[in-house]
Every structure is written in structure tokens, then in C-alpha cells.
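Encoded as C-alpha cells, the structure appears first; notes follow it.
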């Protein structure tokens, strides 16, 4: 895979800063006047992550690079991701998912201060 250009890396970093800043602002705006949230923060995170998972799955199934003639798109997508994952990769993904979840919960806690 070719190395991404510096411009691409900087645009990705800028996009991440924009998204993170927007999320922080929206968290503050959605707080009630008493300092808490009027909704379950865990449910809000779960819904957002489910939407992102479904979008990622749809993009992967729709990607034409792994399709084979005569096979369904879903079957070739599943075969593609199975061939790319090892048990070590799955462990790393679960570790990062746990840390991401912890970070989300900590951010809601900090925004309530």
C-alpha cells in the first residue's frame, strides 16, 4: 500500500480535531441546567456506535474490490474480512474498543463537571 501524502495526513488530523471539538460542544449544549444529561449517555454512545458499525458494514459490502463473479456481495465481503483477521488482530481491536468506550464515558463525566 502506498504511503499517504503529508497533505492527506494533515487533512485527516484536521478532520479529527473538528469532529472532536464539535462533539465536545454538542455535549455541553445537550446538558441540562442542573449539569447532568436528560438522556442515558451510555445509550447515546451505543446508538452512535451502532450507526457507525452499520455504515462501515454497508461500505465494506458495497466495495467492489473483493467481489467475485457469481457470488453474493455479502458472502464475498465476509470472506474478505475473515481472510484479513488474525486472533492477534481481533485482540487488538477489542482492546482499542474497550479504551474507546472508556474514553467516551470519561468525556461525559468530565463534561458534567
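Numbering (the numbering used here), first residue to last: 99 to 211.
All residues carry an ideal CB built from backbone N, CA and C; glycine is no exception.
None of the values given here were measured: they were computed from a predicted structure.
query                                                                                        : result
Where the alpha helix (DSSP H) through residue 180 begins and ends                           : 171-182
Inter-residue spacing [alpha-carbon to alpha-carbon] between residue 178 and residue 166     : 11 Å
Contact under 8 Å by Cβ, residue 169 with residue 158                                        : no
Alpha helix (DSSP H) segments (min. 4 residues) lying fully within the segment 118-205       : 139-160 and 171-182
Nearest-angstrom Cβ-Cβ length linking residue 141 and residue 135, presumed shorter than 8 Å : Not quite, the Cβ-Cβ distance comes to about 10 Å (not below 8 Å), so this is no contact.
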